[in-house]
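K.L.:
Just dropping this structure here.
There are 2 protein chains.
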Amino acid sequence: MTPDEFRRHGAELIEFIARYYETLSAGGGERRVLSEAEPGDVFNAVPPEAPEVGEDFAHVISEIDRVVMPGITHWQSPGFFGYFPASATFPAILGELLSAGLGVQGMLWQTSPACTELETRMLDWMGRAIGLPEAFLSEGDGGGVIQGTASEAALVAMVAARQRALDDRGVEETDRAALNGRLVAYASEQAHSSIVKAAMVCGIGRSNVRLVGTDGNLAMDAERLRAQVEEDARAGLIPFFVCATLGTTSTGAIDPLAEIVRIVRPTPSGGGGWVHVDGAYAGAALVCPEHRGMIEGVELADSFNFNPHKWLLVNFDCSCLWVRDRAALVNALSITPEYLRNTQSDAKAVIDYRDWQVPLGRRFRAMKLWFVMRHYGLEGLRAHIREHVRLAELFESWVRADDRFEMVAPRSLSLVCFRLKAGDGATRSLLEKVNATGEVFVTHTVIPFAGGGGEPVYAIRFAVGAVTVTEADVARAWEIITAHAT
Amino acid sequence: MTPDEFRRHGAELIEFIARYYETLSAGGGERRVLSEAEPGDVFNAVPPEAPEVGEDFAHVISEIDRVVMPGITHWQSPGFFGYFPASATFPAILGELLSAGLGVQGMLWQTSPACTELETRMLDWMGRAIGLPEAFLSEGDGGGVIQGTASEAALVAMVAARQRALDDRGVEETDRAALNGRLVAYASEQAHSSIVKAAMVCGIGRSNVRLVGTDGNLAMDAERLRAQVEEDARAGLIPFFVCATLGTTSTGAIDPLAEIVRIVRPTPSGGGGWVHVDGAYAGAALVCPEHRGMIEGVELADSFNFNPHKWLLVNFDCSCLWVRDRAALVNALSITPEYLRNTQSDAKAVIDYRDWQVPLGRRFRAMKLWFVMRHYGLEGLRAHIREHVRLAELFESWVRADDRFEMVAPRSLSLVCFRLKAGDGATRSLLEKVNATGEVFVTHTVIPFAGGGGEPVYAIRFAVGAVTVTEADVARAWEIITAHAT
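As you go down the protein sequences, you meet chains A and B in turn.
Per my numbering, numbering through the first sequence is continuous, rising by one, with the last residue being 496.
Per my numbering, numbering through the second sequence is continuous, rising by one, with the last residue being 496.
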């Protein structure tokens, strides 16, 4: 493909995307949010073998509508209220385009200094924007890095925590692997599955993760954490890692970080456990000072993570991880073969982000952050969050005003969890009917319900977050929900 | 940003990228391949805080040249012969653009069936294109998945191998973590650092990786592997994972896969060890039947990985991993919280790729493969590989014809490793002078040299791989090298 052909096909795809958003915003009417594809539909729309001879690219583009679009669930639709949002915005899409166009590999500083240094600066920008202490920024001993997902952030934090715990205890390299059986990690019962998955991957295993009970708001019960940590330490185990969740996936519950850090640092066993803060969803709200109560105590945490790709206008993937002591991360993940050595790295004059993550290679993801933060400005980011919180408050008020419904957990930021008082069967059936309309898409969870004596109940999660959503969309969603509730 | 503003700025960025490639191809002359930025240059070109108020996007675009470009090392330049290539092509860039534009999240089949099913089909396409046995394709018990990097592929293969080894031995969940101390992994001394890193991350640790000695071609010595596996098994350890490298990073050496699989399956301890094939670089050459000798025996391997984002025209990231038994991967990585449950997944009617990887979320990366394979066709992919191999052969012939130089390892596909007979100091100095011209960029390695009695020597790696490279570029590189050698 020549540059001129690229100009032409590029224009076609830019037009395709622009029109896509125009149709999505047209009352959501033109497209069903949830794909109606059946298993195998897309697979079978594509022949079993690659073409022997190259095809006309205009023809390939023309097939997107036939092959791909019927299998798309429209995350960017104003009718999408499922899971957490995966916000895409035009500036972010353009950042991704430019990053792909430059085609640089940011594994080392030397392999494109801009890829590393713009990232360091953007993580400082974002860290300041959300009110992180200076200790987490690059000019001290800390710093930030873009990971692909919160799962990867949790994994590298856990691996760094293990390294530090064993370093502190002077354990020989050859004795370390067997000690995985004595390392214990903690998270709330409501924490994201990625914490248990990180334990499975890093080798301490599921059975060494303690899922600590929660309070009536489904946030971690700090006293139960304290008791469990003390019990494990007395049993000769090593409490080495605690994940505090800001905004659980089920209900957006906020763990009491200030209490958690006091319990964990130092642990009864002497060494300080590592406190990782998983703010994957709720961290975005920290751009607004009125939501910063949830990070009280963060100055004693070791790592902090949130995903701009969820609710802060940057398209997937962009998961920001900050650490207070970057050496702890690098000690756990660095390994330098000869073919990667170079003057600047040897002199330790630069950051090599490959030592902050599992992969070696990396894309130029900072470009998206640069485009998004400059386009919106901090004012724009705050306005975005506040509008979604306002819409969720409005939705909550409608739920509370309707006798057929009840909240099953406190609203958290832009997430409302509710159910029909008629019970699980009725609520599940309502969700199915609502999603079947195609106009809106909501997802569910099952959680202990204070109003039901702590028994698990089926609840609908209504997560406001699509970039294009308006009050009219939320009102229409409520109209559909109430229409099917009767 | 409105759709119309996106159309305008999209056109500006498409034009920026098209012109970028035009300048790169203009004899490489307009840009220095290796960035001349000093540490801090880019960081300091960006203010310390994000703007309070959003900026004009045209102004942001206008700053790319000032802020970003001086810090770019031009991987797509026809003068780039360093590391391994990171090929970007126009069809792949457009695939990335469309993927970002659709903004879907492919963690579950349900969250966009097209994202999952096009990926399954593309991995079948690519698997057939490189001659993998049907057992690795989706219609049997195997299948393929796109990982971000070969490092992540190695990690999930190692985690799956551990799970299978402990399942086969009936080890209780609570006893597993401590057993990390008895698990042993194997790779050649020349294997990529990602294998040791995977061991560090997954908790078996560096000291449980055996780096097996190599033969005169720097490929794994299968007899030494056999002896080591037997010794470890006699010592009560569990040989559970072997990585066979096709195309080592230093010299492109090809491990003897057919012998390795015979040694490892079954292991002397009874259970079958997991054989992972790391063809990150060389796997691309398998699109040409004449290079398929290197995968003799692959039908007995458990996992196979190569990176189209290196040498097969797909921009980073796109690392293809195939497994012969997808259940082994899913058993090791699956965990299903309530909020991710859905009808199709519960019925096991579909693939949920989150269970094939560490992250939960995932981008629609199959789009790039679909665009690239249709645009080039299999003929085009083969022609691309053959031309680069031809250019490397030509370069090799020039090295061999010049008395001042010697090859330090056999040429492997498009990679030539050579040095000045005058020794390490002279060779290092030559590399520095060549890179200082700005016209070409080469990297180095240090390897045991058969011609020097197995002593480590410093060598220049010349990796042909830029999509835009021509015979004239290779000839010009040789001209520069020889000019500075005198």
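Cβ coordinates follow ideal geometry from the N, Cα and C atoms, glycine included.
Quick one: is S279/A buried, meaning 16 or more other Cβ sit within 10 Å of its Cβ, or exposed?
P.N.:
Summary for S279/A: the model assigns pLDDT 47, below 50, so the residue's position carries little reliability; its value from the coordinates is reported in the next sentence. Buried, by the Cβ-count rule.
K.L.:
According to DSSP, is P101/B part of a helix, a strand, or is it coil?
P.N.:
Collapsing the DSSP output to three states places P101/B in a helix.
K.L.:
Would a check of beta-carbon distances place G85/B closer than 9 Å to chain A?
P.N.:
The sequence given here places Trp at residue 85/B; Gly does not occur at that position. Yes, contact with chain A.
K.L.:
How far does the alpha helix (DSSP H) with L147/A in it reach, from first residue to last?
P.N.:
Segment: none, L147/A is in no alpha helix (DSSP H) and carries neither H nor E.
K.L.:
Closer than 7 Å by beta-carbon distance: list the chain B residues that pair up with W135/A, in chain order.
P.N.:
Around W135/A, the beta-carbon contacts reaching into chain B at under 7 Å are E59, A60.
K.L.:
Among the residues of its own chain, which have a CB less than 6 Å from the CB of S35/A, if the five just before and after it don't count?
P.N.:
Counting only Cβ-Cβ distances below 6 Å, and skipping sequence neighbours, we find T478.
K.L.:
Under 7 Å Cβ-Cβ, which residues of chain A neighbour P101/B?
P.N.:
M11, F67
K.L.:
Looking only at C-alpha atoms, which of F94/B, W119/B, D134/B, R131/B sits nearest to M117/A?
P.N.:
Taking only the C-alpha atoms, the option nearest M117/A is F94/B.
K.L.:
Do you know offhand how far E129/B's Cα is from M377/B's?
P.N.:
8 Å
K.L.:
For D312/A, does the count of other Cβ atoms within 10 angstroms reach 16, so buried, or fall short, so exposed?
P.N.:
buried
K.L.:
By the three-class DSSP mapping on this structure, what secondary structure does V368/A have?
P.N.:
Per DSSP, reduced to three states, the secondary structure at V368/A is coil, with no helix or strand assignment.
K.L.:
Exposed or buried, G38/B, counting other C-beta atoms within 10 Å across all chains shown (16 or more means buried)?
P.N.:
For G38/B, the predicted model reports a pLDDT of 49, less than 50, meaning its position is unreliable and no value from the coordinates is stated.
K.L.:
Would the beta-carbon of E144/A be found less than 8 Å away from any heavy atom of the ligand SAH?
P.N.:
Questions concerning the ligand SAH fall outside what the structure shown contains, since it holds no ligand whatsoever.
K.L.:
Got a sec: is the Cβ-Cβ distance from R438/B to anything in chain A below 9 Å?
P.N.:
no
K.L.:
Strictly below 8 Å CB to CB, what residues from chain A border R421/B?
P.N.:
What R421/B touches in chain A: nothing, since even the nearest Cβ is about 17 Å away.
K.L.:
With contact counted as at least three CB pairs below 8 Å, one residue from each stretch, are the region 297-316 of chain B and the region 162-172 of chain B in contact?
P.N.:
yes
K.L.:
So if DSSP puts I470/B in a beta bridge, which residue, or which two residues, is it bridged to?
P.N.:
F428/B, H454/B
K.L.:
Which class does I156/A belong to by DSSP, given the choice of helix, strand or coil?
P.N.:
strand
K.L.:
On a Cα-Cα basis, can you pick out the residue from E449/A, Y468/A, F451/A that is closest to P458/A?
P.N.:
For the options E449/A, Y468/A, F451/A, the alpha carbon positioned closest to that of P458/A is the one of Y468/A.
K.L.:
Spatial neighbours of N190/A within its chain, please: C-beta separation below 6 Å, excluding the five flanking residues on both sides.
P.N.:
Taking C-beta separations shorter than 6 Å and ignoring five residues to either side along the sequence, the partners of N190/A in its chain run G213, I214, following chain order.
K.L.:
How would you label K431/A, buried or exposed, when you count the other beta carbons within 10 angstroms and need 16 or more for buried?
P.N.:
exposed
K.L.:
Can you tell me the Cα-Cα spacing of S148/B and D134/B, whole angstroms?
P.N.:
7 Å
K.L.:
Whether or not the region 249-261 of chain A and the region 188-202 of chain A are in contact is what I'm after, with contact meaning three or more pairs of Cβ atoms, one per stretch, closer than 8 Å; do they touch?
P.N.:
yes
K.L.:
Hey, quick one: how far does the alpha helix (DSSP H) through A342/B stretch, first residue to last?
P.N.:
336-343
K.L.:
Taking Cβ positions only, does R514/A come closer than 9 Å to chain B?
P.N.:
Lying outside 11 to 496, the shown extent of chain A, residue 514/A is not represented and no answer is given.
K.L.:
Identify whether P249/B lies in helix, strand or coil by the three-state DSSP scheme.
P.N.:
Three-state result, P249/B: strand.
K.L.:
Alpha helix (DSSP H) containing A408/A: first to last residue?
P.N.:
One point to set straight first is that residue 408/A is Trp, not Ala, in the sequence displayed. Per DSSP, W408/A belongs to the alpha helix (DSSP H) from 376-411.
K.L.:
Is there a Cβ from chain B that is less than 9 Å from the Cβ of D177/A?
P.N.:
no
K.L.:
Can you tell me whether D14/B is buried or exposed? The criterion is at least 16 other CB atoms within 10 Å of its CB, across all chains shown.
P.N.:
exposed
K.L.:
Look at the Cβ atom of V166/B, then the Cβ atom of L343/B, and state whether they are nearer than 9 Å.
P.N.:
yes
K.L.:
Quick check on W488/B: does DSSP put it in helix, strand or coil?
P.N.:
helix
K.L.:
So the beta strand (DSSP E) V285/B belongs to, where does it begin and stop?
P.N.:
284-288
K.L.:
Less than 9 Å between the beta carbons of S329/B and Q86/B, yes or no?
P.N.:
no
K.L.:
Determine, using beta carbons only, whether V308/A and L339/A come nearer to each other than 9 Å.
P.N.:
no
K.L.:
When the Cα atoms are used, what is the spatial distance from I345/B to A337/A?
P.N.:
When rounded, the separation of the alpha-carbon atoms in I345/B and A337/A is 31 Å.
K.L.:
Any C-beta of chain A within less than 8 Å: which residues of the region 320-341 of chain B qualify?
P.N.:
N325, F326, D327
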